[in-house]
Ligand SMILES: [Zn+2]
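Chains as they are written, first to last, in this note's numbering: chain A, 5 to 442; chain B, 2 to 316.
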């Protein structure tokens with residue numbers, strides 16, 4: 005082991021970039037371990053994590069030669085559905101056995117389509133092989149009368165439950181294939197209807213909860229993942245309200261942006277151990293804190309009147325000193341009174357970026373949590389909780405969160421699209437190439 | 002060779018392997034030969050649109066290995082209904098599957114479908130209770146419970162007492178707080194906390210919970226939610242806020258959430274902005290330093306700005 009430099013002790017924990025590149029290169033070029041079998045039907049999003057991670061690490065061009073780049077692009081097009089949209093993987097395509105009767109078991113899939121398009125963008129595809137007209141027609145059929153979007157269209161029925169993840173991916177598909185501008189399009193001489201944006205906005209509004217967060221449906225508990233999807237979708241369709249009252253012509257959301265901000269900043273938490281109850285976590289932290297205080301020469305705050313202040317009350321989880329924050333960091337959780345989890349550093353952090361308040365949370369504490377606690381020291385990547393083995397989702401969102409929190413070893417990321425700003429900047433030229441008439 | 006290939010009951014079916022197309026598949030998995038075979042037979046069944054008992058068995062096998070497969074669930078439902086299968090048996094199988102795959106949402110969607118078709122929910126609340134023993138904050142289970150209450154009109158069937166029990170076990174369980182909000186306010190046409198009697202009861206319930214653990218954001222949010230829903234000023238909460246955070250005793254603040262609430266209340270008072278600023282300073286410097294940028298932002302919103310300073314500090 006190398007001799008520790010003084011900045012290793014005082015400064016931020018080290019970001020082991022070569023190890024992360026190694027982790028992702030292995031994911032790209034060799035088979036994923038069998039534990040991913042339960043996720044085979046999510047392969048398109050695993051593909052997106054792998055390709056986008058290498059892009060964020062600035063390693064994509066050096067890892068891929070031209071044949072490989074084209075080969076991966078071809079696999080994504082292999083998953084394009086003949087009637088528009090993409091599949092998650094080739095496993096539902098019956099090939100020569102496909103017929104109108106079994107077509108219902110092989111539908112295009114909304115998240116698969118968003119992740120396929122995003123991955124093509126990162127791989128610098130020219131989008132010439134996209135069946136854009138059919139995909140946009142299919143997209144308009146994927147919206148329900150309440151404004152929400154589903155996952156698949158099976159025998160004319162929108163399947164997949166009420167879930168803002170589908171709304172996020174659907175509006176993302178619309179954004180990539182036709183930008184934010186509203187109205188019907190004419191593609192190859194055929195009128196392609198736009199989706200009902202007003203209805204979609206109303207459907208986000210009713211899922212705003214009493215405490216400021218956003219849920220998947222009215223009265224469900226708000227959740228940072230669903231909050232991200234809802235805000236990201238509103239941004240994709242240019243209907244996001246970041247301050248004050250929402251407008252009605254056209255409708256925007258959220259209705260209470262200040263409550264959303266407050267709820268989001270409260271996602272940052274020093275609670276990091278999933279096995280510890282909140283109380284025991286605090287008691288344990290308190291002991292060390294008291295010692296540190298003495299070492300720091302901070303005077304004890306014994307109360308003359310006997311009441312225990314929040315930061316010394318064994319029943320409390322708040323009141324972490326600046327010193328603790330600087331050593332341990334603080335990640336983010338997905339719901340009130342839960343422990344931090346790597347991925348919420350992205351879901352909650354990106355939500356604040358989308359709301360145009362990127363500095364309201366403690367960036368350095370997030371970086372310290374990710375680098376010091378959930379980064380895997382041997383394998384690279386990130387686990388969900390401290391000490392966990394890395395997985396694709398947390399490894400990718402850990403990198404994304406690190407970028408949002410200002411780490412200069414990761415490419416700048418676009419919080420709303422969850423890919424590099426560089427990749428997103430290629431979109432205007434692609435829109436130009438579509439050359440529609442209105 | 003394999004458990005289907007060697008079984009005479011399957012000999013009439015030709016398995017249909019997946020064609021990855023080309024030599025550069027992305028995110029390919031080193032799955033077992035067992036999985037590969039099961040998937041090939043599933044594909045052959047689906048391609049033939051076969052709805053049979055053996056198809057039901059095979060979907061069970063595949064779902065166990067890959068519960069995220071989005072059309073296998075629809076296919077299984079089609080088989081169940083086509084064969085007029087015993088839906089109670091289906092629920093028993095689903096119980097085991099849900100316990101084995103707690104984070105999967107398709108299982109719950111399927112359960113909705115089956116219970117909706119059955120038209121009765123006997124045993125469901127017991128099963129939900131079992132799930133909560135494993136994880137009292139499981140999102141899918143809480144969503145399912147809300148659906149049960151709406152579908153079978155269980156609003157008065159002990160649901161409020163259920164939230165009390167859950168919060169008695171863990172007063173910080175925000176999912177249980179949220180469920181209580183739903184039970185009180187979610188019924189179509191119900192006045193909820195708009196009814197003064199209900200409001201008094203719910204405010205009392207939250208205040209009692211704060212009395213147990215003051216540094217718990219859930220009941221504080223619940224109180225704020227009540228005021229907003231009724232169009233009442235936050236000032237109505239000044240008494241409880243000051244009980245746990247008083248600017249006269251800045252060393253004895255017992256809840257950062259009380260201090261936050263107090264800042265909001267003071268900001269609405271005439272000449273209260275200066276004091277609100279003091280509350281926000283206390284949060285930033287002592288009681289909630291992790292959010293110091295946010296507290297600076299709040300001061301800035303009050304026209305007491307130090308925002309640029311704070312933002313510069315963090316970067
Ligand atoms: Zn996570």
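We treat Cβ as the ideally placed atom computed from N, Cα and C, and that holds for glycine.
All of these numbers come straight from a predicted model, not from anything done at the bench.
Cβ-Cβ distances below 7 Å link residue 53 of chain A to 396, 397 and 400 in the same chain, with the five nearest sequence neighbours on each side left out; the list follows chain order.
Inter-residue distance for residue 204 of chain B and residue 166 of chain B is about 18 Å (C-alpha atoms, whole angstroms).
When the five nearest sequence neighbours on each side are left out, the beta carbons in the same chain lying within less than 6 Å of the beta carbon of residue 36 of chain B are those of 66, in order along the chain.
Contact check for residue 276 of chain A and residue 349 of chain A: beta-carbon distance about 12 Å, past the 8 Å limit, so the pair fails to qualify.
The shortest C-alpha to C-alpha distance from residue 166 of chain A to any of A:192, A:211 and A:191 is the one to A:211. Within 10 angstroms of the beta-carbon of residue 424 of chain A lie 16 or more other beta-carbons, which makes it buried. With respect to the 8 Å criterion, residue 68 of chain B and residue 29 of chain B are not classified as neighbours on the basis of their beta carbons. Here residue 160 of chain B carries a helix assignment [DSSP, helix/strand/coil]. With contacts defined by Cβ atoms closer than 8 Å, residue 111 of chain B and residue 88 of chain B do not form a contacting pair. Of all residues in the stretch 127-151 of chain B, only 138, 140, 143, 144 and 147 come within less than 8 Å of chain A when Cβ atoms are compared, listed by chain position. Between residue 224 of chain A and chain B, the shortest Cβ-Cβ separation is below 8 Å. According to the DSSP secondary-structure assignment, residue 63 of chain B is paired through a beta bridge with no residue. The alpha helix (DSSP H) runs lying completely inside the stretch 6-94 of chain A and spanning 4 residues or more are 10-14, 21-33, 47-60, 64-67 and 70-82, given in chain order.
With a threshold of 16 other beta carbon atoms within 10 Å, residue 57 of chain A meets it and is buried.
Counting only runs of 4+ residues, the alpha helix (DSSP H) found wholly inside the stretch 197-241 of chain A occupies 201-209 and 228-240, in chain order.
If you draw a straight line from the Cα of residue 110 of chain A to the Cα of residue 104 of chain B, it is about 24 Å long. For residue 13 of chain B, the Cβ stays outside the 7 Å cut-off from all heavy atoms of ligand 1. In the three-state DSSP reduction, residue 436 of chain A falls in the helix class (H, G or I). One finds nothing in chain B with a Cβ atom closer than 8 Å to the Cβ of residue 231 of chain A; even the nearest lies about 13 Å away. The shortest C-alpha to C-alpha distance from residue 172 of chain B to any of B:218, B:247 and B:235 is the one to B:218. By the Cβ neighbour-count rule, residue 254 of chain B is buried, with 16 or more other Cβ atoms within 10 Å of its own.
With a cut-off of 8 Å on Cβ pairs, the stretch 17-26 of chain B is not in contact with the stretch 371-386 of chain A, counting fewer than three such pairs. Collapsing the DSSP output to three states places residue 116 of chain B in a helix. Of all alpha-carbon atoms in B:148, B:169, B:56 and B:257, the one lying nearest the alpha-carbon of residue 206 of chain B is that of B:169. When rounded, the separation of the alpha-carbon atoms in residue 402 of chain A and residue 249 of chain B is 43 Å.
The beta carbon of residue 39 of chain B does not come within 8 Å of any beta carbon belonging to chain A, so the residue lies off that interface. Judged by DSSP in its simplified three-state form, residue 337 of chain A adopts coil rather than helix or strand.
Against chain A, a Cβ distance below 8 Å from residue 111 of chain B picks out nothing, because the smallest value is about 11 Å. Closer than 8 Å at the C-beta level to chain A, one finds these residues of the stretch 266-298 of chain B: 287, 288, 289, 290, 291, 292, 293, 294, 295 and 298. According to the DSSP assignment, residue 156 of chain A belongs to no alpha helix (DSSP H) but to the beta strand (DSSP E) extending over 156-158. Here DSSP, grouped into helix, strand and coil, assigns residue 144 of chain B to helix. At a cut-off of 8 Å between beta-carbon atoms, residue 189 of chain B makes no contact with chain A. What residue 229 of chain B touches in chain A, judged by beta-carbon distance under 9 Å, is 214, 260 and 263, going in chain order. When Cβ-Cβ separations below 8 Å define contact, residue 272 of chain A makes contact with chain B. Judged by DSSP secondary structure, residue 190 of chain A falls outside any alpha helix (DSSP H) and instead within the beta strand (DSSP E) spanning 189-191. Among the residues facing chain A, residue 53 of chain B is not included, as its CB has no counterpart in that chain under 8 Å away.
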